[in-house]
Amino acid sequence: MRIGSLALDPLVSITRSRASAGAAGGPSSTALETPNRSSGTSSRSSEQGSSSKGTELSQEDQQRVAELVSIDRKVRAHEQAHASVGGSYAGAPSYDFERGPDGLAYAVGGEVSIDASPVANDPEATLSKMDIVQRAALAPADPSAQDRQVAARAAGHAAQARIELARLRLEEAGGGSQADAASPSAPASASSDLGLYAQIAQPEQAPPLLDTRA
95 MRIGSLALDP LVSITRSRAS AGAAGGPSST ALETPNRSSG TSSRSSEQGS SSKGTELSQE
155 DQQRVAELVS IDRKVRAHEQ AHASVGGSYA GAPSYDFERG PDGLAYAVGG EVSIDASPVA
215 NDPEATLSKM DIVQRAALAP ADPSAQDRQV AARAAGHAAQ ARIELARLRL EEAGGGSQAD
275 AASPSAPASA SSDLGLYAQI AQPEQAPPLL DTRA
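Residue numbers (my numbering): 95 to 308.
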């Protein structure tokens with residue numbers, strides 16, 4: 095999983111869904127590796143010529159192929175959910191492939207990168223962006239621990255944006271109060287703004303970083 099320096103809010107990988115971690119016969123690769131990638135379904139048809147065509151698969155091989163088909167389907171659905179909700183902030187899914195006993199390539203892992211950095215000098219735009227990032231991170235039916243970490247970080251940026259937005263509104267209200275110093279309603283208005291700022295400035299509790307994957 096390519097995270098980089100989270101303090102700098104780079105493009106972070108939403109997920110690396112290793113659905114085949116518990117399956118026998120699969121290659122063990124770490125998140126820091128640079129796996130070979132291909133274009134997906136097109137790779138299967140191009141590799142069909144190198145498969146054991148005409149050779150009957152053993153029962154064990156048939157079971158493994160069935161497992162890979164299921165894994166491939168889950169991985170693609172997981173990553174596509176991220177990409178669909180992330181919209182322009184998300185990159186295209188990329189996949190890791192494993193060749194099955196039938197000679198075909200199946201997706202066994204994947205990732206989607208997403209721009210989770212705040213919008214400079216625009217807290218309102220940051221709030222809107224972080225809402226999309228959080229929904230994209232948690233879009234799959236089985237969000238990973240890394241997905242939850244990205245969502246939690248986006249929630250933190252959103253909390254900071256709310257504080258900044260409240261501060262700006264308080265400053266605007268303060269300027270208006272000075273202009274209307276003679277108005278008896280000015281102290282009440284300023285007090286209301288201060289109360290709003292104190293309420294919004296309360297830090298949000300980040301969601302628990304739970305890994306619900308097997």
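Note that the Cβ used here is the ideal one computed from N, Cα and C, for glycine as well.
Predicted model only: the values in this text are computed from it and were never measured.
Distance between beta carbons of residue j and residue i, contact taken as under 8 Å
| i | j | result |
| --- | --- | --- |
| Ala184 | Ala177 | 5 Å |
| Ala248 | Gln228 | 5 Å |
| Arg170 | Ala199 | 13 Å between Cβ atoms; not a contact. |
Residue from the options whose Cα sits closest to the Cα of residue i
| i | options | result |
| --- | --- | --- |
| Gly197 | Ala249, Asp209, Leu151, Asn215 | Leu151 |
| Ala260 | Asp216, Pro234, Ser211, Ala186 | Asp216 |
| Leu232 | His251, Glu173, Ala160 | Glu173 |
| Ser238 | Pro212, Glu265, Gly203, Ser222 | Gly203 |
| Pro212 | Gln240, Gln156, Glu258, Pro234 | Glu258 |
| Arg263 | Arg158, Gln156, Glu218 | Glu218 |
Residue i versus residue j - alpha carbon distance
| i | j | result |
| --- | --- | --- |
| Val163 | Phe191 | 12 Å |
| Tyr189 | Gly268 | 53 Å |
| Ser222 | Val206 | 20 Å |
| Gly194 | Lys168 | 16 Å |
| Glu154 | Glu161 | 11 Å |
| Gln240 | Ala214 | 25 Å |
| Thr220 | Asp236 | 26 Å |
| Val159 | Ala230 | 31 Å |
Residues sharing a beta bridge with residue i, DSSP
| i | result |
| --- | --- |
| Glu150 | BP columns for Glu150 are empty, so no partner. |
| Tyr314 | This structure does not reach residue 314, given that the chain is present from 95 up to 308, and the question cannot be answered. |
| Glu205 | Ser188 |
Spatial neighbours of residue i in its chain, beta-carbon cut-off 8 Å, leaving aside the 5 residues before and after
| i | result |
| --- | --- |
| Ile226 | Val179, Gly180, Gly181, Tyr183 |
| Gln157 | none |
| Ala186 | Ala177, Val206 |
| Asp166 | Tyr200, Ala201, Val202 |
Spatial neighbours of residue i in its chain, beta-carbon cut-off 6 Å, leaving aside the 5 residues before and after
| i | result |
| --- | --- |
| Met224 | Ala248, His251, Ala252 |
| Pro234 | His172, Ala175 |
| Tyr291 | Any reading at Tyr291 must be qualified, since the residue scores a pLDDT of 49, below 50, and its modelled position is unreliable; the value itself is stated next. Excluding sequence neighbours, Tyr291 sits near Ala260, Leu264. |
Residues of its chain near residue i, where Cβ-Cβ distance is below 7 Å and the 5 sequence neighbours each way are ignored
| i | result |
| --- | --- |
| Glu266 | none |
| Thr149 | none |
Proximity test, residue i beta-carbon vs the ligand FAD heavy atom, cut-off 7 Å
| i | result |
| --- | --- |
| Pro212 | The ligand FAD is absent from the structure shown, which contains no ligand whatsoever. |
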